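First to last, the protein sequences are chains W and L. For the first sequence, the numbering used here assigns the number 1 to the initial residue and increments by one for each residue that follows. For the second sequence, the numbering used here assigns the number 1001 to the initial residue and increments by one for each residue that follows. Just so you know, even glycine gets a beta-carbon here, dropped at the ideal spot from N, CA and C. All values derive from a computational prediction rather than experimental measurement. Just below is one structure, and these are the notes that go with it.
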Amino acid sequence: MRNLPLIGMHATDDVVAWRRGEPISAAELIEAAAALATTLPSRRYVLNLCRDRYRFIVGLGAAMIARRVTLLPPGHGDAAMRDIRRDFGDLCCLADHEDIPAGIETVRAPAGTRAPALREIPAFPGEQPAAIVFTSGSTGPPTPHVKSWGSLVHGALALGRHLGWTPTSRPSIAGTVPAQHMFGLETTVMLPLQWRGAADAGRPLLPYDIKAAVDATPAPRWLMTTPLHLHACVSDGIDLRGSLRGVISSTMPLDAGLARSAEETCGCPVEEIYGCSETGMIAMRRSASGPTWTLCEDVRMETQDGATRVAGGHIEQPFALADLVEMAGPDSFRLLGRASDLIKVAGKRASLEALNARLRKVPGVSDGVFYVPSLPENRTGRPAAFAVAPGTTAAAILAALREDLDPVFLPRPLYLVDALPRTANGKITLDELEALARSMSARRYSDELSAR
Amino acid sequence: MSQTTAFELELAELIVDELNLEITPESIDPDTPLFGGGLELDSIDVLEIALAVSKIYGFKLSSDDADNERIFASLRALTSHIEKHRTR
């Protein structure tokens, strides 16, 4: 099998990245990756925590050259790091900031001396393991998923073709998502690398920073982002018209109303990717135009006995989805809802039942339940929780949960109550919980008022 | 703990309220990092705070050439940034 290049379609003097308006060439990237490859400690895994997207890419390239596997951490919580250190002990860390886990040999990026100039772009066997992404650990330790170099490359090539790109498209790509998240890896790292594009090295979050980052790169420009960032851009009244050729959103559902407003704000189509860490992207849709998804190139979907599996294309292992699906055509479908009790925050999944079980195990807690407050107040999808805890305090409960949960799943707020509103058969309904939350909030404010 | 100014407390109340945090505004040390090991806020929280700030204080938060981490480093850093730029 032919080796697949680190950067496809590029000439060595092409720009592969932009940092605050300064171009970085393919030759510089190759040289930096080769230099870093020679200085990596002899460890099997490289935990790449670089926040600067270009440095992340250099780290990924160096790891590939040195035949190391890049670990993409599921979160920055202590619990996640503890589990990774236990399961992937033979690791070193690559970081460009100070917020690094204790006790792991760390290489500072940028690092390495100058390497002899490379005459050609390095290429790797498709089956070489490139990265390990993790799914959330709420149902136990984070589960690792190995991505081969071939699957990452094929996924990026298919996505670009779906977007109608050609080798002369030369897209500039900015992202509000980290390179360590599967969606960020696919769209802000692999896509520019494989399509003769250039990645913005930053990670703008606020609307004006997004506009500044996008405008500092040459057209055609693409933005890889989330519904939360799109909502912020729309509500802030920023005008991105003329700046962007396309936008791709993922990590949480983009509703049609926000999609239409975002298309006005951005002046271009807003596409949405449906996917997960296990498979990467599965399907796409233009969310403003309707609910139907179109499967990515060569990806197949089969529904049997109520369970839906995806396979083919860049997906290495057939995977059973947690969503209920209705086929709308041979390569199109609609989502009917969650098949399980999974919730998703900031692109991370957790099972409500597992969260409940963890909460009830906290010393001093006799009963407890997590729930996801509904829109419009809860735009982020973060869970809240009720606990019956005669023997402890809210702070102690949160401290106990923090040991095992990614911080995005810590309840906001955590209400302490005398009893949960259980029905005669022990069930709790969302309506009851929301009514209880409203009465608790009202009480909190009247307490505050009377205290003033 | 260093002295909290009235405006820092106002902003602390906004943060606790917007983000449904499980702490009292008075308990936020103005020098404690808002992110990571401190209050454990994340990038989604940055967006929520930025939207609320632009609504209440009449200017758009943007990190210009500095990075978000500096503006959002602590309650004190955020307060002083807002004091410099607020229009109401």
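query: Hey, W/Val133 and W/Met182: beta-carbon distance below 8 Å or not?
result: As a first step, residue 133 of chain W must be located in the first sequence, where it is residue number 133. As a first step, residue 182 of chain W must be located in the first sequence, where it is residue number 182. The criterion of a C-beta distance shorter than 8 Å is satisfied by W/Val133 and W/Met182.
query: Just to check, is the beta-carbon of W/Val146 closer than 7 Å to a non-hydrogen atom of the ligand FAD?
result: Looking at this structure, you won't find the ligand FAD or any other ligand, since it has none at all.
- request: Leaving out five residues on either side along the sequence, give the residues of the same chain with a beta carbon under 6 Å from the beta carbon of W/Pro232.
  value: Here residue 232 of chain W refers to the residue found at position 232 of the first sequence. The question names Pro, but residue 232 of chain W in the sequence shown is Ala. Pro207, listed in sequence order.
- request: Give the residues from the region 1025-1043 of chain L that approach chain W closer than 7 Å (Cβ to any Cβ), ordered along the chain.
  value: Gly1036, Glu1040, Asp1042, Ser1043
message: Below 8 Å on the Cβ atoms is my contact criterion, and I expect W/Ala17 with W/Ala198 to pass it. Report the Cβ-Cβ distance as a whole number of Å.
response: In the first sequence, residue 17 of chain W corresponds to position 17, counting from 1. In the first sequence, residue 198 of chain W corresponds to position 198, counting from 1. Between W/Ala198 and W/Ala17 the Cβ distance is about 6 Å, and since that is below 8 Å, they are a contact.
CB contact check: W/Asp305 to chain L, cutoff 8 Å: Reading the first sequence from its first residue, position 305 is the one you call residue 305 of chain W. The beta carbon of W/Asp305 sits no closer than 8 Å to any beta carbon of chain L.
- request: Report yes or no: is there a C-beta of chain W within less than 8 Å of the C-beta of L/Glu1022?
  value: For the purposes of this step, residue 1022 of chain L is taken as residue 22 along the second sequence, with counting starting at 1. L/Glu1022 counts as touching chain W.
- request: Could you name the residues of the same chain whose beta carbon sits closer than 7 Å to that of W/Ala288, not counting the 5 residues immediately before and after it, in chain order?
  value: For the purposes of this step, residue 288 of chain W is taken as the residue at position 288 of the first sequence. Excluding residues within five positions, the ones whose Cβ falls inside 7 Å are Ala256, Ala259, Arg260, Glu263, Val270.
task: Determine which residues of the region 3-29 of chain W have a Cβ less than 7 Å from any Cβ of chain L, and write them out in chain order.
output: none
message: Looking at chain W, is there any beta carbon in it that lies within less than 8 Å of the beta carbon of L/Ala1006?
response: Indexing the second sequence from 1 puts residue 1006 of chain L at position 6. No, L/Ala1006 lies away from the interface with chain W (no Cβ there is under 8 Å from its Cβ).
message: For W/Pro318, which residues in the same chain have their Cβ closer than 6 Å to its Cβ, ignoring the five residues on either side in sequence?
response: Position 318 of the first sequence holds residue 318 of chain W. Excluding positions up to five away in sequence, the list reads Arg309, Ala311.
message: So, under 8 Å CB-CB, W/Pro373 and W/Ala307 are touching, yes? Tell me the CB distance rounded to an integer number of Å.
response: Here residue 373 of chain W corresponds to residue number 373 of the first sequence, with the count starting at 1. Here residue 307 of chain W corresponds to residue number 307 of the first sequence, with the count starting at 1. About 29 Å separates the two Cβ atoms, so there is no contact after all.
Distance between W/Ala62 and W/Ala32 (C-alpha atoms, nearest Å): By 1-based counting over the first sequence, the position of residue 32 of chain W is 32. By 1-based counting over the first sequence, the position of residue 62 of chain W is 62. One C-alpha to the other measures close to 8 Å.
- prompt: So, helix, strand or coil for W/Pro318, using DSSP?
  reply: Residue numbering aside, residue 318 of chain W sits at position 318 when the first sequence is read from its first letter. W/Pro318 falls in the strand class under three-state DSSP.
field: Near-chain L residues of the region 404-430 of chain W - C-beta to any C-beta below 7 Å
entry: Pro407, Val408, Arg412, Pro413, Leu414
message: Taking 8 Å as the threshold (C-beta atoms), are L/Thr1004 and L/Pro1030 in contact?
response: On the second sequence, position 30 is the one that residue 1030 of chain L refers to. On the second sequence, position 4 is the one that residue 1004 of chain L refers to. Cβ atoms of L/Pro1030 and L/Thr1004: closer than 8 Å.
message: Suppose you measure from the CA of W/Met252 to the CA of W/Gly426; what does that come to, to the nearest Å?
response: Counting from one through the first sequence, the residue named residue 252 of chain W turns up at place 252. Counting from one through the first sequence, the residue named residue 426 of chain W turns up at place 426. If you draw a straight line from the Cα of W/Met252 to the Cα of W/Gly426, it is about 31 Å long.
task: Would you kindly report the start and end of the unbroken alpha helix (DSSP H) that includes W/Cys266?
output: The residue labelled residue 266 of chain W in the question sits at position 266 within the first sequence. Note, W/Cys266: alpha helix (DSSP H), 256-266.
message: Let's see if you can read the secondary structure: which residues bound the beta strand (DSSP E) around W/Asn48?
response: For the purposes of this step, residue 48 of chain W is taken as the residue at position 48 of the first sequence. 45-48 is the extent of the beta strand (DSSP E) around W/Asn48.
- prompt: W/Ala11: buried (16+ other C-beta within 10 angstroms of its C-beta) or exposed?
  reply: For the purposes of this step, residue 11 of chain W is taken as the residue at position 11 of the first sequence. The residue in question, W/Ala11, is exposed, as its Cβ has fewer than 16 Cβ neighbours within 10 Å.
- prompt: Per DSSP, what kind of secondary structure is W/Leu416 in: helix, strand or coil?
  reply: Translated into positions along the first sequence, residue 416 of chain W becomes position 416. Of the three classes helix, strand and coil, the one that applies to W/Leu416 here is strand, per DSSP.
message: At the level of alpha carbons, what is the spacing between W/Ser169 and W/Thr188?
response: As a first step, residue 169 of chain W is located in the first sequence; it is residue number 169 there, counting from the start. As a first step, residue 188 of chain W is located in the first sequence; it is residue number 188 there, counting from the start. Approximately 16 Å, taken between the alpha carbons.
task: Under 7 Å Cβ to Cβ from W/Ala387, same chain only, skipping five residues before and after it: list those, please.
output: To locate residue 387 of chain W, count along the first sequence from 1; it is residue 387. Answer for W/Ala387: Leu359, Val365, Gly368, Ile397, Leu414, Leu416, listed in chain order.
query: So, W/Cys50 versus W/Ala95, is the Cβ gap smaller than 8 Å?
result: Numbered from 1 along the first sequence, position 50 holds the residue referred to as residue 50 of chain W. Numbered from 1 along the first sequence, position 95 holds the residue referred to as residue 95 of chain W. In contact: W/Cys50 and W/Ala95 (Cβ atoms closer than 8 Å).
- request: Report the partner residues of W/Lys348 according to the DSSP bridge assignment.
  value: Sequence index remark: in the first sequence, residue 348 of chain W carries index 348 (1-based). In the DSSP output, where bridge partners are listed per residue, W/Lys348 has W/Val345.
task: Check whether the Cβ atoms of W/Val214 and W/Leu223 sit closer than 8 Å, and answer yes or no.
output: Locating residue 214 of chain W in the first sequence gives position 214, where the first residue counts as 1. Locating residue 223 of chain W in the first sequence gives position 223, where the first residue counts as 1. Taking 8 Å as the Cβ cut-off, W/Val214 and W/Leu223 qualify as a contacting pair.
- prompt: Quick one: does L/Ala1050 have its CB under 8 Å from some CB of chain W?
  reply: By 1-based counting over the second sequence, the position of residue 1050 of chain L is 50. Closer than 8 Å to some Cβ of chain W, the Cβ of L/Ala1050 qualifies, so yes.
task: Note down the Cα distance separating L/Arg1070 from L/Ala1077, rounded to an integer number of angstroms.
output: Stepping through the second sequence from its first residue, residue 1070 of chain L is reached at position 70. Stepping through the second sequence from its first residue, residue 1077 of chain L is reached at position 77. One C-alpha to the other measures close to 7 Å.
query: Which whole-angstrom value describes the C-beta separation of W/Gly472 and W/Leu193, a residue pair presumed to lie in contact below a C-beta threshold of 8 Å?
result: Look at the range of chain W in this structure, 1 to 452, and you will see that residue 472 of chain W is not part of it.
- request: Apply the 10 Å Cβ neighbour rule to W/Glu377 and answer buried if 16 or more other Cβ atoms are within range, or exposed otherwise.
  value: Position 377 of the first sequence, counted from the start, is the residue given in the question as residue 377 of chain W. Exposed, since its Cβ has fewer than 16 Cβ neighbours within 10 Å.
- request: Within the same chain, show all residues whose beta-carbon is closer than 6 Å to that of L/Asp1065, passing over the 5 residues directly before and after it, in chain order.
  value: The count along the second sequence starts at 1 and reaches residue 1065 of chain L at position 65. Confidence in L/Asp1065 is poor, its pLDDT being 49 and thus under 50, which makes the residue's placement unreliable; the coordinate value appears in the next sentence. Sequence-distant Cβ neighbours of L/Asp1065 in its own chain, meaning closer than 6 Å and more than five residues away, do not exist here.
- request: Could you round the C-beta distance between L/Leu1047 and W/Leu205 to whole angstroms and report it? I think they count as a contact, below 8 Å.
  value: Residue numbering aside, residue 1047 of chain L sits at position 47 when the second sequence is read from its first letter. Residue numbering aside, residue 205 of chain W sits at position 205 when the first sequence is read from its first letter. With a Cβ gap of about 6 Å, L/Leu1047 and W/Leu205 count as contacting.
query: How would you label W/Phe370, buried or exposed, when you count the other beta carbons within 10 angstroms and need 16 or more for buried?
result: Residue 370 of chain W sits at position 370 when you count from the first residue of the first sequence. By the neighbour-count rule (16 or more Cβ atoms within 10 Å), W/Phe370 is buried.
- request: Would you mind reading off the limits of the beta strand (DSSP E) that contains W/Ala95?
  value: Counted from its first residue, the first sequence places residue 95 of chain W at position 95. Start and end: 91-95.
task: May I have the straight-line CA-CA distance separating W/Ile30 from W/Arg44, to the nearest angstrom?
output: On the first sequence, residue 30 of chain W is found 30 positions in, with the first residue counted as 1. On the first sequence, residue 44 of chain W is found 44 positions in, with the first residue counted as 1. Roughly 21 Å between the two C-alpha positions.
field: Inter-residue spacing [alpha-carbon to alpha-carbon] between W/Arg334 and W/Arg379
entry: Stepping through the first sequence from its first residue, residue 334 of chain W is reached at position 334. Stepping through the first sequence from its first residue, residue 379 of chain W is reached at position 379. Spanning the two alpha carbons is a distance of roughly 23 Å.
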